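**Student:** Structure incoming, see below.
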Amino acid sequence: MSEPAHPVRPASAAVVGCATTAGPADGRRTPTLSLHSHHDGDRVVVTVRGDLELATDEQLRRGLRDSLARSAHGIDLDLGEVGFCDCSGLNALLSIRQEALDHAKTTTIRTISRAAQRVFSLTDTLSLFVPPAAPDHVDHVDHVDHLGDGLLTAATAPPAARGGPDPRVEVVQLRRALETRDTIDLARGILMAAFALSPEEAWNALVRTSQNTNTKLHRTARQLVDSCTGAPVPPCTRERLSAAVAQVTAERAERALPPD
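The numbering of the sequence shown is the working numbering, which starts it at 29 and goes up by one.
Here it is, written out as structure tokens:
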């Protein structure tokens, strides 16, 4: 049986975040997420419980960024109690890993639940979270040791690829894009119907609104889609959207003018 590299010290535990998020549209139970952290030497151990998905994405990123900022050398993740994980959750973890590297820190996984491990296996990304001191040659994840009730050690993952952008990260990013594409397409359709815009004009208006409100594109799109069921659009988004629609409409009128 493998043991974590460092003992857990609950005496200095701190709650990073704990909240219930809005429920998904597919009828699945309302996703929840909690993060608890404590210092372990020059690192911060973060225990993640609940669901890693689009609805909990921002909470996960905020909590991990906070822990990363409070650490000297990086963060160690305990994902043993993650009940659900999709590509959005994995993409958030990959983003935090990159932020850590940008600050000469590391992000490692100590334990991982089977629910989360499936996504890592499909994308072959678990080895990106192996501690630097791990052996160069280890068994494949299918042959890992068990920790308690179905937990797996990160040290049993294959070694990380060396040099250049890792194609596994690109795979996750592409899958994340596919997850959010339907919402974005719906938002474009709403703009096309409401303002008589072409597909390209609707896209430009949506992108400009996202940029001018400093909001991710898929979240801006979600705000518009939700407005069809009575959810209010934030005032800033509404104002910037009106300006963006007016701008693309003016550009269309300019293109229609005959040359001098």
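Glycine included, C-beta positions come from ideal geometry on N, C-alpha and C. Computed from a prediction, not measured in an experiment: that's the story for all the values here.
#1: What do you get for N119, buried or exposed, if any count of 16 or more other CB atoms within 10 angstroms of its CB means buried?
#2: Once DSSP output is grouped into helix, strand and coil, what is the label at L285?
#3: Which word fits T211, buried or exposed, when buried means at least 16 other C-beta atoms lie within 10 angstroms of its C-beta?
#4: If we call anything under 8 Å between Cβ atoms a contact, is R236 one with A272?
#5: Between the C-alpha atoms of S65 and G217, what's the straight-line distance to the nearest angstrom?
#6: Assuming T248 and L225 are in contact, meaning their beta carbons sit under 8 Å apart, how far apart are those beta carbons, in whole angstroms?
#7: I'd like the list of long-range same chain contacts for V147, defined as Cβ closer than 6 Å, with 5 residues on each side in sequence excluded.
#8: Assign E109 to one of three DSSP states: helix, strand, or coil.
#9: I need the straight-line Cα distance from L129 to T135, nearest angstrom please.
#10: Taking C-beta to C-beta, are L154 and I124 nearer than 8 Å?
#11: Could you tell me if P260 is buried or exposed, where buried requires 16 or more neighbouring beta carbons within 10 angstroms of its beta carbon?
#12: List the residues that DSSP assigns as beta-bridge partners of L150.
**Tutor:** The structure says:
#1: buried
#2: coil
#3: buried
#4: yes
#5: 43 Å
#6: Rounded, the Cβ-Cβ distance is 15 Å, inconsistent with contact.
#7: C113, L118
#8: strand
#9: 8 Å
#10: no
#11: exposed
#12: L150 pairs with nothing; no bridge assigned.
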